[in-house]
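Residue numbers (the numbering used here), protein chains in the order written: chain A, 34 to 464; chain B, 34 to 464.
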């Protein structure tokens with residue numbers, strides 16, 4: 034019986050796992066040094082958690098299942114609803130601001146494509162309880178702090194930033210009704226992925242009025258914040274949100290990551306729950322899907338039955354990021370090499386038990402240690418030690434009758450005869 | 034809209050996540066120093082992967098789901114079938130022996146009980162390609178190496194060891210047919226969890242013959258390997274497997290963990306695929322469910338469409354382990370404290386931008402650093418620094434006009450006025 038893996042999932046053999054661990058460990062380190070604490074939720078939640086506020090695309094791509102009582106569950110496609118649920122559950126006892134991060138495994142029931150799998154990891158960083166855009170800038174800094182650490186510079190990646198609040202104000206001043214906005218966001222979010230004429234056709238299905246449509250297309254052609262400021266007919270709300278956006282760029286400059294960031298009015302975000310600053314991170318050449326994205330979602334906690342609390346955060350997936358790191362030659366050379374502190378060899382079967390005993394003693398003292406399962410020739414065992422990248426090889430032979438053993442430095446090849454007890458003592462002190 | 038979490042799942046708030054990370058990091062460290070490499074598979078596989086060889090209990094408790102094409106999938110209840118699939122897929126290219134570990138998240142659709150949840154983590158350690166019981170002893174050592182490291186001694190935990198191969202030989206010599214064995218194992222596995230008379234009734238349903246049943250009950254009363262050796266009518270196969278079991282205990286003694294291990298003929302294991310040494314790890318007082326268990330499964334790779342390859346390994350879950358560590362007072366005191374290298378305070382709003390800038394510079398240099406979102410009084414910011422367990426608090430005030438700042442050692446309270454550039458230089462060198 035030979036059963037294949039499910040399409041769109043990954044088998045992490047040790048070399049793949051090393052990549053996954055290196056990426057995730059980097060995310061964790063960056064989060065911690067930026068003052069975030071780790072949390073996680075369950076892999077599945079009640080289905081309706083993801084149907085209400087996430088937007089149609091996510092709701093359509095859910096892996097659903099049932100529990101023993103027939104209740105509808107779903108594998109999580111994102112962690113933000115879980116975060117909202119968890120924070121709401123303890124809203125009164127959690128000290129604010131809440132600075133949390135997570136590295137959830139997420140699921141998406143769709144056709145697998147390059148950089149888009151059915152099962153993936155996503156770094157999520159959120160600040161809850163701060164309505165100042167300083168928090169938006171700080172989470173963007175955190176993402177860039179990681180990307181810079183792994184060697185991606187402003188020539189490799191770009192954060193394209195806009196504001197939902199500003200877009201809403203501008204669209205409303207054009208005459209789009211508030212209840213038309215959600216559908217329009219979904220259309221505008223597709224703009225960069227569609228040919229121009231296809232996009233205009235899709236837009237025409239949503240906005241019938243020719244003049245309104247022309248003004249929307251004109252708005253989407255705006256290329257700078259200055260151009261927005263120069264617009265004659267800005268409403269008060271629009272002006273305020275343009276000013277807020279300008280302040281985000283100023284803060285990102287102060288934080289030393291301004292060269293990674295640019296304004297892009299086309300950034301709308303597919304998710305339904307954003308309310309303020311929104312952004313997406315791309316490879317500079319725009320050859321790949323988004324590396325990640327995020328924004329402010331001040332209403333979500335309220336919509337999940339809690340009080341109205343300001344919130345902002347981002348998600349970065351592992352798939353596109355790994356492709357970009359690989360393409361830039363930044364992956365393999367940064368992976369930590371597998372290393373062995375001691376390989377314990379024995380000259381023949383008679384000393385095998387002593388080799389096993391010593392190996393376990395070294396491990397108990399905290400060293401990474403190995404031995405050979407086969408009573409093979411010493412030269413073969415030394416090769417095994419070298420294959421496993423051992424720093425030292427301990428050789429147990431007839432010297433043990435005089436309570437001695439040989440320690441070989443694998444890098445320079447030098448051997449030393451040393452008293453068993455002294456060797457052990459050293460190992461216990463150094464470990 | 035308020036949606037609760039699904040019963041039997043866990044929300045990992047930061048303090049819970051700290052426990053989970055501490056346990057899993059310990060598992061990983063122990064695995065690595067024992068020479069194992071990490072792997073992982075997908076969260077879901079085709080349903081039939083878990084229906085064939087895992088045994089009825091596991092098959093009945095599967096969370097099943099369908100992909101978009103209507104194919105039956107299941108959330109993994111264990112990782113061993115995935116391990117078998119992955120090894121089989123690359124059986125010719127993987128260097129042997131294969132020493133792999135994993136920390137999969139697993140799922141079980143059953144009523145949640147103490148130490149038994151619907152979603153949990155399990156440490157899995159396996160050696161593939163070594164038929165010598167040295168490999169069985171080594172994986173048991175690895176489990177104990179971890180348990181000893183976290184402070185659980187031979188008075189806290191016990192590994193109860195037996196042999197499926199031996200039990201099969203003994204049962205067959207009593208007259209149990211080979212095709213009756215699997216069902217009988219399932220019955221015998223329940224023995225320690227049932228009252229004696231209930232167990233005898235259940236056994237009677239499986240074994241009709243009174244004499245055979247009496248002999249089985251007699252066999253299950255055997256308390257030592259010596260008693261087995263003294264049995265007059267041992268078949269050759271039975272003798273061999275008794276000898277093999279004796280050697281496992283000898284090796285565990287050599288490895289320095291003999292005091293944790295005991296023989297228990299009642300250890301049978303629920304899973305259908307074991308073929309040799311089997312064991313379960315319990316709290317010494319036997320008040321909790323098994324902490325973990327494992328054994329040899331030499332036929333599994335073959336049953337999943339690969340060649341016949343020897344294999345042995347164990348699994349230890351996080352739930353019972355955490356309960357035991359908590360009960361023994363070993364949990365809280367070993368959790369690493371949250372710490373902050375620098376808290377950057379400012380004497381008033383005018384110096385806030387400088388505080389933000391410095392915080393980000395410290396983070397970029399690799400330090401854990403934080404600042405206050407509110408322009409609160411310095412005393413409040415110092416309290417915040419202390420709440421976050423900061424080592425130093427940097428205070429930015431009017432001294433910055435002279436290119437200076439104040440660094441306060443939070444442990445002893447001493448303050449130092451230092452040149453901005455010198456401080457930054459030190460930070461970059463030390464990080």
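Beta carbons are placed, not taken as given, at the ideal position from N, Cα and C, and that holds for glycine.
Tell me the DSSP secondary structure of residue i in three-state form.
{"i": "residue 206 of chain B", "result": "helix"}
{"i": "residue 400 of chain A", "result": "coil"}
{"i": "residue 66 of chain A", "result": "helix"}
{"i": "residue 126 of chain A", "result": "coil"}
{"i": "residue 105 of chain A", "result": "strand"}
{"i": "residue 248 of chain A", "result": "helix"}
{"i": "residue 149 of chain B", "result": "strand"}
{"i": "residue 99 of chain B", "result": "strand"}
{"i": "residue 375 of chain B", "result": "strand"}
{"i": "residue 39 of chain A", "result": "coil"}
{"i": "residue 71 of chain B", "result": "strand"}
Can you check whether the C-beta of residue i is within less than 8 Å of a C-beta belonging to chain B?
{"i": "residue 291 of chain A", "result": "no"}
{"i": "residue 36 of chain A", "result": "yes"}
{"i": "residue 386 of chain A", "result": "yes"}
{"i": "residue 262 of chain A", "result": "no"}
{"i": "residue 457 of chain A", "result": "no"}
{"i": "residue 332 of chain A", "result": "no"}
{"i": "residue 394 of chain A", "result": "yes"}
{"i": "residue 390 of chain A", "result": "yes"}
{"i": "residue 76 of chain A", "result": "yes"}
{"i": "residue 338 of chain A", "result": "yes"}
{"i": "residue 79 of chain A", "result": "yes"}
{"i": "residue 100 of chain A", "result": "yes"}
{"i": "residue 65 of chain A", "result": "yes"}
{"i": "residue 226 of chain A", "result": "no"}
{"i": "residue 118 of chain A", "result": "yes"}
{"i": "residue 409 of chain A", "result": "no"}
Kindly indicate the opening and closing residues of the beta strand (DSSP E) around residue i.
{"i": "residue 450 of chain B", "result": "448-452"}
{"i": "residue 193 of chain B", "result": "190-196"}
{"i": "residue 135 of chain A", "result": "131-135"}
{"i": "residue 161 of chain B", "result": "152-161"}
{"i": "residue 437 of chain B", "result": "437-442"}
{"i": "residue 139 of chain B", "result": "138-140"}
{"i": "residue 78 of chain A", "result": "77-79"}
{"i": "residue 429 of chain B", "result": "423-429"}
For chain A, find out if any of its Cβ atoms is closer than 8 Å to the Cβ of residue i; answer yes or no.
{"i": "residue 73 of chain B", "result": "yes"}
{"i": "residue 45 of chain B", "result": "yes"}
{"i": "residue 165 of chain B", "result": "yes"}
{"i": "residue 178 of chain B", "result": "yes"}
{"i": "residue 486 of chain B", "result": "Here chain B comprises residues numbered 34 to 464, so residue 486 of chain B is not present and cannot be evaluated."}
{"i": "residue 466 of chain B", "result": "Because chain B in this structure spans residues 34 to 464, residue 466 of chain B falls outside the shown range and cannot be described."}
{"i": "residue 42 of chain B", "result": "yes"}
{"i": "residue 402 of chain B", "result": "yes"}
{"i": "residue 96 of chain B", "result": "yes"}
{"i": "residue 111 of chain B", "result": "no"}
{"i": "residue 106 of chain B", "result": "yes"}
Can you tell me where the alpha helix (DSSP H) with residue i in it begins and where it stops?
{"i": "residue 366 of chain B", "result": "Neither: residue 366 of chain B is in no alpha helix (DSSP H) and is coded neither H nor E."}
{"i": "residue 173 of chain A", "result": "166-182"}
{"i": "residue 220 of chain B", "result": "214-222"}
{"i": "residue 227 of chain B", "result": "Note, residue 227 of chain B: premise wrong, no alpha helix (DSSP H); not H, not E."}
{"i": "residue 414 of chain A", "result": "411-420"}
{"i": "residue 242 of chain A", "result": "Unbroken run through residue 242 of chain A: none, as it is neither H nor E."}
{"i": "residue 259 of chain B", "result": "258-262"}
> When the Cβ atoms of the region 147-167 of chain B are set against those of the region 275-292 of chain B, are three or more pairs found closer than 8 Å?
Replying inline: yes
> Which residue spans inside the region 272-360 of chain B form an unbroken beta strand (DSSP E) run of at least 3?
Replying inline: 294-296, 310-316, 325-329, 344-350
> Using 8 Å as the Cβ pair cut-off and three pairs as the minimum, do the region 324-332 of chain B and the region 201-214 of chain B touch?
Replying inline: no
>> With three or more C-beta pairs closer than 8 Å as the rule, is the region 376-386 of chain B touching the region 430-441 of chain B?
In response: yes
>> For the region 352-372 of chain B against the region 406-423 of chain B, do three or more pairs of beta-carbon atoms, one drawn from each stretch, fall closer than 8 Å, so that the two count as touching?
In response: yes
> Using 8 Å as the threshold, is the region 97-108 of chain A in touch with the region 119-128 of chain A, meaning 3 or more CB pairs across them?
Replying inline: no
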